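First up is the structure itself, then whatever we jot down about it.
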Amino acid sequence: MTTPIKLYRNPKSGHCHRAELMLAFLDLPYETIDLDMANGAHKAPEYLKISPFGLVPAIDDSGYTLADSNAILVYLAQTYAKGSHWMPEAAKDAAEVQRWLTVAADNVYSGPCAARLVKVFGAPLDHDAAVQKAHALFKIMDTHLAGRAWLATDQITIADVAAYSYIAHAPEGGVDLAPYDNIRAWLKRVEAHQGFVPMVASAIPELA
Ligand SMILES: N[C@@H](CCC(=O)N[C@@H](CS)C(=O)NCC(=O)O)C(=O)O
Numbered sequence: 518m519t520t521p522i523k524l525y526r527n528p529k530s531g532h533c534h535r536a537e538l539m540l541a542f543l544d545l546p547y548e549t550i551d552l553d554m555a556n557g558a559h560k561a562p563e564y565l566k567i568s569p570f571g572l573v574p575a576i577d578d579s580g581y582t583l584a585d586s587n588a589i590l591v592y593l594a595q596t597y598a599k600g601s602h603w604m605p606e607a608a609k610d611a612a613e614v615q616r617w618l619t620v621a622a623d624n625v626y627s628g629p630c631a632a633r634l635v636k637v638f639g640a641p642l643d644h645d646a647a648v649q650k651a652h653a654l655f656k657i658m659d660t661h662l663a664g665r666a667w668l669a670t671d672q673i674t675i676a677d678v679a680a681y682s683y684i685a686h687a688p689e690g691g692v693d694l695a696p697y698d699n700i701r702a703w704l705k706r707v708e709a710h711q712g713f714v715p716m717v718a719s720a721i722p723e724l725a
């Protein structure tokens, strides 16, 4: 029997959901390990060996450990779906994927993710600035998605997976998606893709 990949996560984290979504899209066996972050489980010495910055998500694939959601997407696609549409190898396609991974780590992080951190977790960040950044991003994305199905190529890639979770959950941060028809249609396409899983309830009741 194949050993399930361990996913260390917080079930309310969009970064963790990206990693879970990729595991699910690739139909890989995995088990989730919910860290009790309120009590500092992500800063415990054992976990810091896996994720030195003390962040979720991280994975353990039969002893190979890796932190960072986008790195996890790259690893899973290259290991279990090499040469597929998830992570194309042609130079221009690969560059487009990387461009959107950067948007996910930068604009998505400081926009919709930050706005949700304030509203859902009470993070001491500037909510107005985060909402403004989210709308600036969404205007560009909505225009980009006019007449195209996916962010980077003409098929779904890890770039769509990286961008999906925090954009789908932007309304929880007080960012309205109503003006962005093309983004909402793209979210639906991701959700309709074979294997899609939504953010799921936690094994730890207070996180569910
Ligand atoms: N670049 C990282 C960011 C991950 C991240 O910010 N994780 C948050 C949860 S969404 C976290 O672990 N925060 C705990 C902390 O900041 O101490 C990735 O993509 O995985």
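One point on numbering: in this note's numbering, the residue at position 38 of the sequence shown is 555, and numbering is uninterrupted.
Ideal Cβ placement from N, Cα and C applies to all residues, glycine included.
Computed from a predicted structure; not experimentally measured.
- With respect to the C-alpha of Leu552, the residue from Ser530, Arg706 and Gln711 having the closest C-alpha is Ser530.
- Bounds of the beta strand (DSSP E) holding Ile576 are Ala575 to Asp578.
- Contact check for Ser682 against His534 passes: the beta carbons are separated by less than 8 Å.
- Leu524 and Leu593 have their alpha carbons spaced roughly 12 Å apart.
- Under DSSP, Ile675 shares a beta bridge with no residue.
- In the assembly as shown, Leu565 is an exposed residue. Its beta-carbon has fewer than 16 other beta-carbons within 10 Å.
- Taking 4 residues as the minimum length, the alpha helix (DSSP H) runs contained wholly in the segment 528 to 584 are 531 to 542 and 562 to 567, in order along the chain.
- Annotation: Asn527 to Leu662 spans about 30 Å, alpha carbon to alpha carbon.
- Distance from the Cα of Val717 is smallest, within the candidate group Thr520, Ile550 and Ser601, for Ile550.
- Rounded to the nearest angstrom, the Cβ distance from Leu545 to Ile522 is 6 Å, consistent with a contact under 8 Å.
- Residue state for Leu618 is assigned as helix, using DSSP reduced to three classes.
- Here the distance from the Cβ of Val707 to the nearest heavy atom of ligand 1 is not below 7 Å.
- In this structure, Gly691 places its C-beta atom within 8 Å of the C-beta atom of Lys636.
- Beta-bridge partners of Ile522 (DSSP): Tyr547.
- Taking Gln672 as reference, the option from Ile589, Val614, Ala558 and Ala561 with the minimal CA-CA separation is Val614.
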